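At position 65 of the sequence shown the residue is numbered 125 (the numbering used here), and the sequence of numbers has no breaks.
For glycine and all other residues, C-beta sits at the position ideal for the given N, C-alpha and C.
These numbers were taken from a predicted model, which means no experiment stands behind them.
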Amino acid sequence: MMAPAQTMTSRVGFGYDVHRFEETHDTDQNTQIMLCGIAIDHDQAVIAHSDGDVGLHALTDAILGAIGDGDIGTHFPPSDEKWRHASSDLFLIDACRRLAENSGKLVNCDITIIAEAPKVLPHRNAMLEKLAELTGLDQNAVSVKATTSEGM
Ligand code: MG
61 MMAPAQTMTS RVGFGYDVHR FEETHDTDQN TQIMLCGIAI DHDQAVIAHS
111 DGDVGLHALT DAILGAIGDG DIGTHFPPSD EKWRHASSDL FLIDACRRLA
161 ENSGKLVNCD ITIIAEAPKV LPHRNAMLEK LAELTGLDQN AVSVKATTSE
211 GM
C-alpha cells in the first residue's frame with residue numbers, strides 16, 4: 061500500500077517599511093527607537109503611530125503577504141487609537157498566529173535594515189534573540205543585515 065502523497069507548497073513573502081526620523085528638542089531626554097524588537101538609544105525619534113519598529117513591521121508584512129492576508133495596516137490601522145504607541149511585538153505575534161491558522165510554518169526570516177544610523181551591529185545579537193523568541197524560529201534561521209544608503 062502506498063502512503064498518501066503529501067503536498068507541500070513553499071511560499072515567500074516580502075515586506076518593506078519606512079519611518080521618518082524627527083529631531084528631538086529635549087536634549088535631557090533619553091531618546092530611544094525600536095528596531096527588531098530592541099530599544100536603541102538614538103538622538104532622533106521615529107515618527108509613527110505605533111512604536112515605529114520598521115524591522116518588525118516589514119517582517120509582519122512579509123508573513124501576511126505569504127498567506128495572502130492583507131498587510132499590517134489591514135489588521136492594525138493607524139486610524140485606530142488602540143494601536144497608538146503599540147509594541148510592534150503584538151503585530152508580529154498576530155501574523156505568526158495567522159500563519160499557523162493557515163497551517164503555515166515559518167522556516168526562516170531575513171531582514172535588511174537600511175539606515176545611516178544607528179549602528180545595527182552592536183545590537184544584532186539581541187535582535188536575533190528577540191526575533192527567534194517572537195517567531196519561534198531557531199536563531200540560525202533568523203538573519204538581520206544592515207546597510208546605509210551612502211548618505212543618499
Ligand atoms: Mg511601519
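T67 is classed as exposed because its beta carbon has fewer than 16 other beta carbons within 10 Å across all chains shown.
For V180, the closest alpha carbon among the candidates H102, L194, P138 is that of H102.
Within the region 143 to 204, the beta strand (DSSP E) runs of at least 3 residues that lie entirely inside it are, in chain order, 169 to 174. Excluding sequence positions up to five before and after P138, its CB lies within less than 7 angstroms of the CB of H109, all in the same chain and listed in chain order. Rounded to the nearest angstrom, the gap between the Cα atoms of L150 and K205 is 23 angstroms. In the structure shown, I123 falls within a helical segment according to DSSP collapsed to helix, strand and coil.
For A105, DSSP records a beta bridge to E82.
Near the ligand MG, residues with a Cβ at less than 5 angstroms from any of the ligand's heavy atoms are D77, H117; the list follows chain order.
Annotated three-state conformation of A65 is coil, per DSSP. Residue state for T91 is assigned as coil, using DSSP reduced to three classes. When E189, H183, P178, T134 are compared, the shortest CA-CA separation from F81 is found for P178. If you draw a straight line from the Cα of K165 to the Cα of L159, it comes to about 7 angstroms. For D129, the closest C-alpha among the options F74, S148, C96 is that of F74. For T207, DSSP records a beta bridge to I174.
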